[in-house]
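Participant:
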Amino acid sequence: QKEQKQEQEQKKEQDKEQEQEQEQEKKQEYEKEQEKKQEYEKEQEQEKEQQKEQKQEQEQKKEQEIEKEQEKEQELEIEQEQEKEQEKEQQREQKQEQEQKKEQEKEKEQEKEQEQEIEQEQEKEQEKEQEKEKKQEQEKEQQKKQEYEQKKEQQKELEQEQELEQESQKEQEQEKEQQKEQKQEQEQKKEQQLEIEQELEKEQELEIEQEQEKEQEKEQEQEKEQEKEQEQEKEQEKEQENEKEQEQEKEQEKEQELEKEQELEKEQEQEKEQEK
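Numbering of the sequence shown is given in the UniProt record's numbering, commencing with residue 1 and proceeding in unit increments.
1) Just to confirm the assignment, what range does the alpha helix (DSSP H) spanning glutamine 230 have?
2) Can you tell me whether leucine 76 is helix, strand or coil according to DSSP?
3) Which whole-angstrom value is the C-beta distance of glutamine 210 and glutamine 116, which I expect to be below 8 Å?
4) Does the count of Cβ pairs from the stretch 46 to 53 and the stretch 234 to 247 closer than 8 Å reach three?
5) Less than 8 Å between the C-beta atoms of glutamate 159 and glutamine 150, yes or no?
6) Answer yes or no: do glutamine 104 and lysine 228 have a C-beta to C-beta separation smaller than 8 Å?
7) Helix, strand or coil: which one does DSSP assign to glutamate 157?
8) Is tyrosine 148 close to chain C? Criterion is C-beta to C-beta, closer than 8 Å.
9) Is the number of C-beta pairs between the stretch 169 to 184 and the stretch 75 to 94 that are closer than 8 Å three or more?
10) Indicate the three-state DSSP secondary structure (helix, strand or coil) for glutamate 137 in the structure shown.
11) Identify which residue in Gln28, Glu29 and Glu65 has its Cα closest to the Cα of leucine 258.
12) Run through DSSP, which three-state label would glutamate 69 get?
13) Give the C-beta separation of lysine 134 and glutamine 192 to the nearest angstrom, bearing in mind that I take them to be a contact with Cβ-Cβ under 8 Å.
14) Return yes when the Cβ of glutamine 232 is within less than 8 Å of the Cβ of glutamine 58, no when it is not.
15) Determine the DSSP secondary structure at glutamate 43, reduced to helix, strand or coil.
16) Restricting to Cα atoms, I'd like to know which of Glu69, Gln274, Lys214 and Gln236 is closest to glutamate 109.
17) Three-state secondary structure (DSSP) at glutamate 19?
18) Counting pairs of beta carbons, one from the stretch 69 to 84 and one from the stretch 163 to 178, are three or more of them closer than 8 Å?
19) Confirm, please, whether the CB-CB distance from glutamate 235 to glutamine 91 is below 8 Å.
20) Please look up how many angstroms separate the CB atoms of glutamate 127 and glutamate 199, rounded, as I've assumed it's under 8 Å.
21) For glutamine 80, which residues of its own chain have a beta-carbon under 7 Å away from its beta-carbon, when the five flanking residues on both sides are left out?
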């Protein structure tokens, strides 16, 4: 009985030890499970941190890209503004040059007109002087005739008193003289008429030449105005073409920006899908 009891005691001890061992094994298993769980959670946290960092980096890259694009747009706008200012400055300079040329042309025209007026005035003065001289010559001729007639009358009276016989001859001679004088007078009148006609023709020719010069000057002015209008139209067409090109460039840049943003969004979506 004693041996049996000892065996039973030993068995109990063995059972107890086995239980303890089993308890320790369970405890160790539990600790291992806890460690695995902690490691798994730690890995997940690390992955989350990495994803977060990647997302932040992507956001930063996106912001940097946007800032770069904005800087490019600003630089392009500044360049365009500078080009517009240069074009405006060139247009202002061209306009000033055209105005100066126009003023110079006007001054030349005025000088020409003044010279023509002076020449006309001089010609008129010369004509007046000539008319005055003609009148003086005519008056002198008339005085001479009157003196001559007076002398003739005196001679007639003397001859009538002294020589009654020669009256007929004297009368004939007087008639001849009168005819001669009349002929001379007619010749003088013809010459005067011819001179007057020649002067009138000269005046008419001068007026015709002046009118022709004025017409030519008007035509030149019109041609200059037409050239100026054509130049202005060409400048306007150039400005419109430049504006169209700039608008097209802006549209292309916007489309490229949109494409870049869409590609970036696609990449981000793909990365998210891969992470999942």
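Using N, Cα and C, we set each Cβ at its ideal position, and we do this for glycine too.
Facilitator: Put simply:
1) 167 to 275
2) In the structure shown, leucine 76 adopts helical secondary structure according to DSSP, grouped into three states.
3) 6 Å
4) Segments in contact, no.
5) no
6) no
7) Look at glutamate 157 here: in three-state DSSP terms it is helix.
8) In the structure shown, chain C cannot be found, because there is only a single protein chain.
9) no
10) helix
11) Glu65
12) helix
13) 7 Å
14) No.
15) helix
16) Lys214
17) Helix, per DSSP.
18) no
19) yes
20) 7 Å
21) Gln246
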